[in-house]
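In this note's numbering, the protein residues as written are 445 to 541. First up is the structure itself, then whatever we jot down about it.
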């Protein structure tokens, strides 16, 4: 994975993305409290499943923005091959998890 310091704009609603991240943070803290409170394992697993689904939704949101912005721009330019390889590597990692 390539990590850069370049800033990117999300073509979709950034405030919606940040709101989702806030909910994810709240879910994670709630699960932590459940574990600290020795809650029933199945209840914790259900919450972890919901948290995982929420993270997947954010990942798809960002991936879609990346494809619509960075990848589309790269395809129109001369950097298409490197961006497509980077994108495919990211998708492969996401699917393997």
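Idealized CB from N, CA, C, for every residue including glycine.
Terminal residues of the alpha helix (DSSP H) in which residue i lies
| i | result |
| --- | --- |
| residue 514 | First-last for residue 514: undefined, no H or E at that position. |
| residue 525 | 524–540 |
| residue 464 | 458–480 |
Residue i versus residue j: straight-line alpha-carbon distance, rounded
| i | j | result |
| --- | --- | --- |
| residue 506 | residue 478 | 29 Å |
| residue 514 | residue 533 | 15 Å |
| residue 492 | residue 517 | 37 Å |
| residue 487 | residue 473 | 15 Å |
| residue 527 | residue 501 | 22 Å |
| residue 524 | residue 536 | 18 Å |
Cβ shell of residue i (< 7 Å), same chain only, five flanking positions each side left out
| i | result |
| --- | --- |
| residue 538 | 503 |
| residue 499 | 468 |
| residue 465 | 502 |
Where residue i falls, given that 16 or more other Cβ within 10 Å makes a residue buried
| i | result |
| --- | --- |
| residue 459 | exposed |
| residue 475 | buried |
6 Å Cβ shell around residue i - same chain, five flanking residues per side excluded
| i | result |
| --- | --- |
| residue 471 | 495 |
Contact with chain D by residue i, beta-carbon distance below 8 Å
| i | result |
| --- | --- |
| residue 489 | This model lacks chain D altogether, as it is built from one protein chain only. |
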